[in-house]
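Worksheet: one structure, shown below.
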Amino acid sequence: MTQARRGVIYILTNPLIPGIVKIGRTARSVTERVREISRPTGVPADYEVIYDQVVGDAHAAEKEIHTLLRPHRINPQKEFFQTSVREAIHVVQDIAARYPIDEAQESVEFDALPALEDRMRRWLRRDLVSVKFVQFSDLCLIKWVIQPDFRELAAYENIFDLGVFGDGDCDHEELFCPSHNPPKENFKQFLELDSYSMIFTGLNILTEEASDYVAHLWEERKIHSPVRLKWNVVDTAYDMMGPEVEWRNILAKYGVGGRSSNVEPSIVPGVD
-7 MTQARRGVIY
3 ILTNPLIPGI
13 VKIGRTARSV
23 TERVREISRP
33 TGVPADYEVI
43 YDQVVGDAHA
53 AEKEIHTLLR
63 PHRINPQKEF
73 FQTSVREAIH
83 VVQDIAARYP
93 IDEAQESVEF
103 DALPALEDRM
113 RRWLRRDLVS
123 VKFVQFSDLC
133 LIKWVIQPDF
143 RELAAYENIF
153 DLGVFGDGDC
163 DHEELFCPSH
173 NPPKENFKQF
183 LELDSYSMIF
193 TGLNILTEEA
203 SDYVAHLWEE
213 RKIHSPVRLK
223 WNVVDTAYDM
233 MGPEVEWRNI
243 LAKYGVGGRS
253 SNVEPSIVPG
263 VD
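Residue numbers (the numbering used here): -7 to 264.
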């Protein structure tokens, strides 16, 4: 297997074409591929991603999948199949398992969640449990895991190709270029990525409220959202033992307490 063969197998549906799925492969972001497929005027509604999976040899995996689903293929020249979504996912998962990626040997991985929490914890979605930056020799990915219900063990992994921020012609000035930038440099670029780019491209790690706020700042007011969130403490609640005069004296000795409450809170300086 060579890096050039690695890619993503995807399953798409269109709400106005029930009972039909499109199964294909791409070396780019699936989101970008969906926008490309949905762009022609003859397409009645945008396609939706039902399932996608990174595989070690996308060309071979796609060929096997199409061969197995040949009886359901509508047109030999097109990637549309008349089958259920459940059956399509089952076939893709079964074939994709034969083309795994040895991430331990082929990738460098960084845990991005601690740095993101330090930078923008209040904006991160509440069901987010893991964010990983993964770089191969020809691919930079973000893998995030959500657990919608903490009472259940079910969690869901999302894979996002950072190549969406480039134009396909990777050079030393391109964001997240794996062939020119070392993993640490690309990881640093990701941690400094502006939040508007995150929500615009579909890197869905922010809450809906934060996404709306970021979009409002730029689209309505032409103000960039801050790279790192800041805040002003406007009041302090005390929960101390003993008489108030005693614990206030102790806190004062260590420089704690006596905060002013006349500071107006502000996330973005200059925004009313």
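We put the beta carbon where it would ideally sit given N, CA and C, even for glycine.
Item                                                                                                                               : Value
Contact set for P175: own chain, Cβ-Cβ below 6 angstroms, skip 5 residues either direction                                         : V100, Q127
7 angstroms CB neighbourhood of L167 in its chain, flanking five on each side removed                                              : F157, G158, Q181
Buried or exposed by the 16-neighbour rule on C-beta atoms within 10 Å, applied to A202                                            : buried
Where the alpha helix (DSSP H) containing R240 begins and where it ends                                                            : 236 to 245
V22 beta carbon less than 8 angstroms from that of F73                                                                             : no
Residues of its chain near V83, where Cβ-Cβ distance is below 7 angstroms and the 5 sequence neighbours each way are ignored       : I57, L60, L61
C-alpha gap between R17 and L120, whole angstroms                                                                                  : 28 angstroms
Option nearest D112 by Cα separation, candidates T228, V26, V77, E184                                                              : For clarity, residue 112 is Met in the given sequence; the question names Asp instead. Ranking the options by Cα distance to M112, first place goes to E184.
Residues near Y148 by beta carbon distance below 6 angstroms, same chain, minus five either side                                   : I138
For W136, the nearest candidate out of R114, D130, A104 (CA to CA)                                                                 : A104
Boundaries (first-last residue) of the alpha helix (DSSP H) holding R17                                                            : First-last for R17: 12 to 18, but that is the beta strand (DSSP E), not the alpha helix (DSSP H).
Chain-order list of residues whose beta-carbon lies under 8 angstroms from that of R118 (same chain, five-residue window excluded) : T199
Nearest residue (CA-CA) to N67, options I1, I242, Y230, I15                                                                        : I15
At least 3 beta-carbon pairs within less than 8 angstroms: the stretch 234 to 241 vs the stretch 205 to 217                        : no
Contacting residues, own chain, Cβ-Cβ under 6 angstroms from W210 (five flanking each side not counted)                            : Y188
Closest residue to R78 among H172, I134, A146, G11 (Cα-Cα distance)                                                                : G11
Cβ-based neighbour list, G194, same chain, cut-off 6 angstroms, excluding 5 preceding and 5 following                              : T23
Chain-order list of residues whose beta-carbon lies under 6 angstroms from that of R65 (same chain, five-residue window excluded)  : F73
CB contact flag (Y43, I81, <8 angstroms)                                                                                           : yes
Pair within 8 angstroms by beta-carbon distance, Y91 and A53                                                                       : yes
Cβ shell of D110 (< 6 angstroms), same chain only, five flanking positions each side left out                                      : none
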